[in-house]
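Single-structure report; data block below.
Chains as they are written, first to last, in the numbering used here: chain D, 23 to 755; chain B, 24 to 173.
Below, the structure is given as C-alpha cells:
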C-alpha cells in the first residue's frame with residue numbers, strides 16, 4: 023500500500039493510481055521541466071479513507087435513495103452537499119493520518135501548498151475533467167492541508183462531477199481520487215498556453231494575467247491574449263485586457279486585489295517571453311505526442327509548469343458534452359451580486375409597475391377587437407416575465423447554495439442544512455399574506471355574528487372593518503381562487519378565502535410561534551465569529567446575499583403571479599363576453615377572434631390521476647412506505663389532502679397533510695393549516711421545503727408519483743427526519 | 024460444558040460476522056417477518072436493533088413483545104446446506120432509553136457506522152430483545168437449544 027509517492031519514483035503502472043494530471047507532471051519532472059516541489063497522494067490513500075468507518079457505504083446509501091436519472095439537478099446538489107459534509111466531518115483514520123502528517127511536515131516545512139485533484143478515470147473517459155473537481159491554492163499548515171485533501175476527495179462527489187460521469191458513462195461508485203500536493207509558487211505573472219488553437223491548427227494561444235493563475239482559470243480576471251503563428255513562433259496579435267485586478271496569496275487561500283497602477287499599464291508578458299512560453303509548450307507537446315494545454319507561472323524570471331494536459335478537440339459531428347453547463351451551475355459571489363442589483367433595483371420595480379398599470383386599466387370598456395389585442399399584449403408581457411424568471415431569478419437562487427457551502431466549511435455542522443436557520447424569518451411576501459389571513463381569521467373567531475354569517479354563506483353585512491380588510495387583502499393577494507397571486511373569482515360558485523378563514527378561525531394556528539428568533543441570532547453570531555478582518559466582512563456580505571436570494575426565491579413567484587393575474591382577468595372578461603353571446607345563441611364575427619385567443623391559452627393542472635391499485639388479474643398494490651428527501655425535520659401523522667389543481671386547496675382542513683406535485687408560493691396560504699408537506703418535486707430549497715421550514719412543519723420532497731400513489735383521505739405519517747412517508751390503514755396487511 | 028462453550032462461541036461468531044437478522048413479530052396471529060441490522064451482546068443476553076416507530080414491526084412488537092430472531096451464515100450457495108449455521112433467538116422486545124440506549128448506540132455504530140443518520144434520528148426507536156432461548160441448527164439438521172438464565 024503506497025499512499026504517497028514523489029514524481030521521480032513514478033513508474034508507468036502508477037498512472038492509474040495517481041491520475042493523468044499527476045502522471046504528466048512526473049514525466050515532466052523527469053525530463054527536466056521546472057515544476058514546483060511536489061508529492062502525489064495515490065488513490066490508495068483515498069480508498070483507505072473511504073473504507074474506514076463505513077464511509078463508502080454511507081456515500082452509496084446517500085446516492086442510491088433514488089434512481090440517479092430520476093433526480094433533478096437540485097436533488098443531486100443536495101446529495102452532493104450531504105456527502106461533502108460527511109467528508110468534512112470525518113477525521114482521516116490512523117495510521118493514514120500520522121503518515122500523511124509526517125510526510126507533509128518533513129517535505130514541505132513552513133511552506134504553503136496547492137492541493138489539486140487528479141482523477142484517474144479521466145484517462146478512461148477520453149474526456150476532459152478540467153474544472154470539474156476542486157483544487158486549492160496557498161493552503162497553510164498541516165491540519166489545513168489535511169482538511170483540503172478531504173475537500174478534494176469529496177469533490178469526486180460534487181454535483182457537476184456526478185452529472186458528468188453519468189453523462190459519459192463512468193461508474194462513479196468505482197471512481198477514486200488522487201491528489202497533487204505542490205509547493206505554492208507565488209508567481210508574479212501566470213497563464214495558460216494552448217500549443218494548438220482548437221479552432222485553428224496553425225496558431226498558438228497564450229493567455230496571461232498578473233499574479234496567480236487562479237483568477238484566470240476560474241474566469242474572475244480577464245487575461246491578455248496573444249495569438250502566435252505555430253510554425254514561425256511570431257506574434258500575430260495581442261489583445262490587451264482591462265487590467266484592474268490580480269489574484270494574490272492571502273493569509274489563507276487567495277484573494278482578488280486591485281492591480282498596482284504601474285503594472286496595469288503594461289502587459290504581463292513581452293513578445294520575447296511569449297515565444298519562450300511557446301517553446302515550453304512545444305517541449306511538452308513533444309513529450310506527450312499531442313497538443314497541450316499548459317498552466318504556467320513565472321517567479322523571479324523562472325518559468326514553472328503547474329500542469330499540462332492534452333487539448334481535447336472534437337471530431338467532426340461529435341456532440342459537445344455538457345461539462346461547461348454543469349460547471350455554470352455554480353455562480354461566483356461577483357456574478358450573484360450583479361444579479362442581485364439587477365433584480366432588486368430594476369426587475370422587481372418593473373414587475374410591480376407593470377402589474378399596477380395593468381390592474382388600473384379598465385378592460386370592460388374595450389371593444390371586442392381591442393380586448394382580443396389586449397389579451398395578446400398581456401400574454402406577451404407575461405411571457406416576457408416568465409422568461410426573465412428563468413434567466414435571472416432562478417440562477418439567483420444559487421446565492422443560497424453558495425452561502426450553504428461557505429457556512430458548512432466554516433462550522434462543519436452535523437446537519438448540512440443548519441445554515442437555512444439563518445435565512446428563515448426574512449420578510450417574505452407569502453408570510454405577509456399568511457399573517458394577514460391569520461388576522462382576518464382572528465376577527466372571525468372573536469365575532470360570533472360574523473362567524474355565523476360566513477358559515478351560512480351570507481356575505482352581505484359582514485361589518486365595515488372586516489369588509490375593508492378583506493378588500494385590501496383581495497386587492498393585494500387576490501381571493502385565493504386562482505393559481506396566481508392577485509387573481510379573483512377563478513371559482514365562480516365558491517368563496518375559497520372565506521372557507522379557509524372559517525377553517526382557520528375554528529383551528530387557530532400555533533405554527534408561527536414555533537421558531538425562536540433568538541436561536542437564529544446565536545447561530546448568526548457563531549457563524550460571524552468564525553472569521554476575522556476582511557474575511558468577516560466577506561462572510562457578512564455573503565449572508566446578506568443569501569438572505570436576499572432566499573427571500574426572492576419565494577417572492578419572485580408572487581410578483582410573477584400578480585402579472586399573470588392581470589392576463590387572467592382579461593381572459594376572464596373575454597370568456598364572459600363569448601359565453602354571454604353563446605347563451606343567447608347569437609353570433610358576432612368580432613367574437614371569433616376572442617374565441618381563438620382564449621383557446622390559445624391553456625391553464626393546465628396536474629393531470630396525474632390517482633393510481634389504480636388493482637391490475638387486470640386482481641392483484642392489488644398498495645404503497646406502504648415511500649422514500650424521498652428529508653426536507654423539513656419533524657414527524658406528523660394526518661389525513662392526506664392530494665392537491666392536483668388549485669381549487670382543491672379550498673377544501674383543505676386543519677391538520678391535513680398537503681400532498682402535491684409542486685408547491686408554488688401562490689398556494690402556500692394553506693400551510694398554516696397543514697400538519698406536514700409531501701411533494702413530488704425534489705430538493706431542499708424548493709418552495710414547499712422553504713415554507714415548511716418557516717412554519718416548522720415536517721416535509722418530505724422528491725417522492726416520485728406522490729400524487730398518484732397517495733390518495734386524499736389516506737392516513738399518512740411524514741417523517742421529515744428520515745425523508746419517509748408511511749401510508750397506513752391501521753396495521754392491517 | 025465444552026459443548027455449551029462451543030455453542031456460545033458460534034453464536035458470538037454469528038453476532039460478529041452477520042450484519043442482518045430476520046425478525047419475526049405478529050399482528051393478531053398473522054406472522055410478519057422483516058430484516059433488521061442488529062447487534063448482539065457478548066453475554067448473549069440481549070439482541071438490539073433499531074427501527075422507525077412508523078413500521079409494522081414496531082407496531083407489532085408494541086402490541087405483543089414476544090419475538091423470534093433468525094441469524095444465519097448462509098451465502099446463497101449449495102454448500103450452505105452442510106456448512107451454514109443458523110440460530111433462532113426467542114425473547115421479549117422492548118424500547119430502551121437513557122444510558123442503556125447510549126451504550127447500545129455506541130456498539131451499534133461501531134458495527135454499522137453507515138447507518139448513523141438512521142440510528143440517531145428522533146423518529147427511530149432502539150429495541151432490545153431479552154433472549155430466553157437460542158435454537159442452533161448446523162450440519163443441515165443437527166439442532167441444539169441453549170436456554171439463557173436472565
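For glycine and all other residues, C-beta sits at the position ideal for the given N, C-alpha and C.
Is the shortest distance between the beta-carbon of residue i and the beta-carbons of chain B less than 8 Å?
| i | result |
| --- | --- |
| residue 739(D) | yes |
| residue 790(D) | Here chain D has residues from 23 to 755 only, and residue 790(D) is not among them. |
| residue 75(D) | yes |
| residue 336(D) | A caution first: residue 336(D) carries a pLDDT of 46, below 50, which makes its placement in the model too unreliable to give a value. |
| residue 744(D) | yes |
| residue 535(D) | In this prediction, residue 535(D) has a pLDDT of 45, which is less than 50 and means its spatial position is unreliable; what the coordinates show is noted afterwards. No - not a single Cβ of chain B is within 8 Å of the one on residue 535(D). |
| residue 563(D) | no |
| residue 87(D) | no |
| residue 748(D) | yes |
| residue 80(D) | yes |
| residue 657(D) | yes |
| residue 83(D) | yes |
Tell me which same chain residues have a C-beta within less than 7 Å of the C-beta of residue i, skipping the five on either side of it?
| i | result |
| --- | --- |
| residue 167(B) | 30, 159 |
| residue 44(B) | 59, 61, 92, 93, 94 |
| residue 54(B) | 47 |
| residue 293(D) | 257 |
| residue 556(D) | none |
| residue 452(D) | 576, 580, 687, 690, 713 |
| residue 361(D) | 414, 417, 418 |
Is there a Cβ of chain D sitting closer than 8 Å to that of residue i, yes or no?
| i | result |
| --- | --- |
| residue 156(B) | no |
| residue 163(B) | no |
| residue 136(B) | yes |
| residue 43(B) | no |
| residue 146(B) | yes |
| residue 97(B) | no |
| residue 111(B) | no |
| residue 127(B) | no |
| residue 74(B) | no |
| residue 77(B) | yes |
| residue 61(B) | no |
How should residue i be labelled, buried or exposed, when 16 other C-beta atoms within 10 angstroms of its C-beta is the threshold for buried?
| i | result |
| --- | --- |
| residue 177(D) | buried |
| residue 30(D) | exposed |
| residue 713(D) | buried |
| residue 142(D) | buried |
| residue 746(D) | buried |
| residue 115(D) | exposed |
| residue 599(D) | buried |
| residue 602(D) | exposed |
| residue 305(D) | buried |
| residue 156(B) | exposed |
| residue 102(B) | exposed |
By Cβ distance, which residues of its chain are closer than 8 Å to residue i, with the 5 residues on each side in sequence left out?
| i | result |
| --- | --- |
| residue 64(D) | 24, 25, 26, 27, 36, 39, 40, 200 |
| residue 155(D) | 139, 141, 174, 177, 178, 180, 183, 199 |
| residue 80(B) | 46, 48, 55, 57, 59, 74 |
Since I believe residue j is in contact with residue i (beta carbons under 8 Å), could you give me their beta-carbon distance rounded to a whole number of angstroms?
| i | j | result |
| --- | --- | --- |
| residue 139(D) | residue 174(D) | 5 Å |
| residue 580(D) | residue 507(D) | 5 Å |
| residue 652(D) | residue 744(D) | 6 Å |
| residue 564(D) | residue 329(D) | No, residue 564(D) and residue 329(D) are not in contact; Cβ-Cβ is about 30 Å, not under 8 Å. |
| residue 418(D) | residue 582(D) | Not really, about 14 Å apart at Cβ, beyond 8 Å. |
| residue 226(D) | residue 252(D) | 5 Å |
Going by beta carbon distance, what residues of the same chain come within less than 6 Å of residue i, once the five residues before and after it are set aside?
| i | result |
| --- | --- |
| residue 553(D) | 561 |
| residue 166(D) | none |
| residue 75(B) | 146, 147 |
| residue 420(D) | 353 |
| residue 529(D) | 676 |
Verify the contact flag: residue i, CB atom, against every heavy atom of the ligand FAD, threshold strictly below 7 Å.
| i | result |
| --- | --- |
| residue 730(D) | Absence of the ligand FAD is noted for the structure shown, with no ligands found whatsoever. |
> Which residue spans inside the stretch 120-154 of chain D form an unbroken alpha helix (DSSP H) run of at least 4?
Replying inline: Taking only runs of at least 4 residues, the alpha helix (DSSP H) segments lying wholly in the stretch 120-154 of chain D are 143-147.
> In chain order, which continuous runs of the beta strand (DSSP E) of length 3 or greater are located wholly inside the stretch 351-426 of chain D?
Replying inline: Runs found: none.
> What are the start and end residues of each continuous alpha helix (DSSP H) run of 4 or more residues lying completely inside the stretch 94-134 of chain B, in chain order?
Replying inline: With a minimum length of 4 residues, the continuous alpha helix (DSSP H) runs that stay inside the stretch 94-134 of chain B are 103-106, 121-134.
>> If we require 4 or more residues per run, which alpha helix (DSSP H) segments fall completely within the stretch 534-610 of chain D?
In response: 539-551, 555-606, all fully within the stretch 534-610 of chain D.
> Of all the beta strand (DSSP E) runs that stay within the bounds of the stretch 288-331 of chain D, which reach a length of 3 or more residues?
Replying inline: Segments of the beta strand (DSSP E) lying fully in the stretch 288-331 of chain D: 314-321.
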